[in-house]
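In what follows, a structure is listed as structure tokens, so that the remarks can point back to it.
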Amino acid sequence: MKKILSSIVIIVFAGVVTCGFLVWQRYEANPEQIVPYPYFHNYSVEPMKPEAPILIIGDRMGEYLSQFKVNLAETISVNLAKPIKIQSIAKKGHALHRTLHQLKSLVQWPQIIIYQGGSEEFNETKFFPSQMSKIKDNFNLYKDDRIETILILYPWLSRIVYAPVNRVPISQSPVLVEYNQLDYLKKLETELLLFEQQLVELVNLTKNRNSLLIVTTTPINLDEPPRKICDFTSTTELEVEIKDLREMLKANNPKEAYKKSGDLLQKYTGNGDLLYIHGQISKRLGYLDESVDTLLNSSAFDCQPWRATHLQNSIIRKVARNHQVILFDFARMVENDYLTGPTFFDEIHPQNLYYEKAMEQLGLVIKGVLKL
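Mapped onto the working numbering, the consecutive letters of the sequence shown carry residue numbers 997 to 1368.
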């Protein structure tokens, strides 16, 4: 009997020691972080105090939008003795993870923050593909309100709760990467997951600092075709059919082309070229809603990431809706004029008149919020 009891004690003790070792090993392998990002910034940002009550943030799209901050200030300042100041820290190459890192260096937060971005989220490596399943599992844990609350109260528990992930170091200067088709498709879900979680963190940061956040969607040039068609969506037969559709358009026969492209869409799904040509045919016939929706889907099925797409804008709208954040739907504003003539002056920037119009509408929103 004593031998049996001794054996049980030894087994239990060995189990406790083994579990303790595994927990300690997990604790040592994990950083302390409430949000389980698979990357870390290995550079620091100088503490910054904003010089204005309104701050524009984002990537190259925010940087370009900031050129019209004088227009915004004029709209807001109509009844003020002095024009309101607006500052921008938006910068080309600053995807949302870099913007967040910079915001955390603020020693004082502005009254209002305007976000315009989403167009350069695929420019850098932010995770290792081999870690994608762990990344997804960790974020599923983070999305549990109970776990998030516990981690906010006791951040050190994150070192035990999350599965250890090999994290990517983010250097001070962006290291641009080129995606091939397989890399892009493999990483797409995780990239969008990170973008959404970063937006949610931006929302939480601004709320905790008593700043008002305004998020904006990014206009997409619907006349720019996809740069890369995903191989799995195309066949030799379909390529011939698309060529025929283009010939029909050249021959000014959009009605017959519309019927044929519609039938092809029932047979082939997810081909960016087919979606693009159907959208252009719909435009020729004056079907605004169908044209815009189809062309937006065409951008989402581009297998070469080079701009914001319908996917990023859908996430921006979703986060704004779910977290009661003010949304300025810049993309929708431009899309509504799609049939009136050229809405863009280059591949990614709308014509300046739309920025001027956007600043006027944004200014009215801010005047209402500030009760000016």
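Yeah, the Cβ is synthetic: ideal placement off N, Cα and C, and Gly gets one too.
The model shown is predicted, which means the values in this text are computed figures rather than measured ones.
Would you mind sorting residue 1114 into buried or exposed? The rule is 16 or more other CB atoms within 10 Å of its CB. buried
Across which residues does DSSP place residue 1212 in a beta bridge pair? 1112, 1324
Is it right to say residue 1057 is buried, meaning 16 or more other beta carbons lie within 10 angstroms of its own, or is it exposed? buried
Check whether the Cβ atoms of residue 1335 and residue 1284 lie closer than 8 Å to each other. yes
Based on Cα-Cα distance, which residue from 1169, 1029, 1215 lies nearest to residue 1094? 1169
Assuming residue 1297 contacts residue 1266 (C-beta within less than 8 Å), just tell me the rounded distance between them. 5 Å
Note down the Cα distance separating residue 1121 from residue 1036, rounded to an integer number of angstroms. 11 Å
Local Cβ density within 10 Å of residue 1294, reported as buried at 16 or more and exposed below that: buried
Residue 1042 to residue 1082, Cα distance in whole Å? 20 Å
Take the Cβ of residue 1123 as the centre, count every other Cβ of all protein chains shown within 10 Å, and call the residue buried at 16 or more, exposed below. buried
For the beta strand (DSSP E) that residue 1035 lies in, which residues bound it at each end? 1035–1037
Suppose the cutoff is 6 Å on Cβ atoms and the five residues either side in sequence are ignored; what does the same chain contact list for residue 1330 look like? 1215, 1339, 1346, 1350
Cβ neighbour criterion (16 or more within 10 Å) applied to residue 1305: buried
From which residue to which residue does the alpha helix (DSSP H) around residue 1189 run? 1177–1204
Beta-carbon gap between residue 1199 and residue 1321 smaller than 8 Å: yes
Residue span of the beta strand (DSSP E) that contains residue 1050, given as start and end: 1050–1054
Under DSSP, the alpha helix (DSSP H) around residue 992 begins and ends at which residues? Within the shown structure, residues of the chain are numbered from 997 to 1368, placing residue 992 beyond reach of any answer.
Rounded straight-line distance, which links the Cα of residue 1109 to that of residue 1054: 10 Å
In angstroms with no decimal places, state the Cα-to-Cα distance between residue 1342 and residue 1102. 34 Å
From what residue to what residue does the alpha helix (DSSP H) around residue 1156 run? 1154–1157
Is it true that the CB of residue 1085 sits closer than 8 Å to the CB of residue 1363? no
To the nearest angstrom, how far is the alpha carbon of residue 1193 from that of residue 1032? 10 Å
Between the Cα of residue 1112 and the Cα atoms of 1090, 1163, 1183, which residue gives the shortest distance? 1090
CA-CA distance, residue 1092 and residue 1117? 7 Å
Taking the alpha-carbon of residue 1249 as reference, which of 1278, 1173, 1287, 1232 has the nearest alpha-carbon? 1278
Let's test the definition: count the other Cβ atoms within 10 Å of the Cβ of residue 1317 and tell me whether it reaches 16, buried, or not, exposed. exposed
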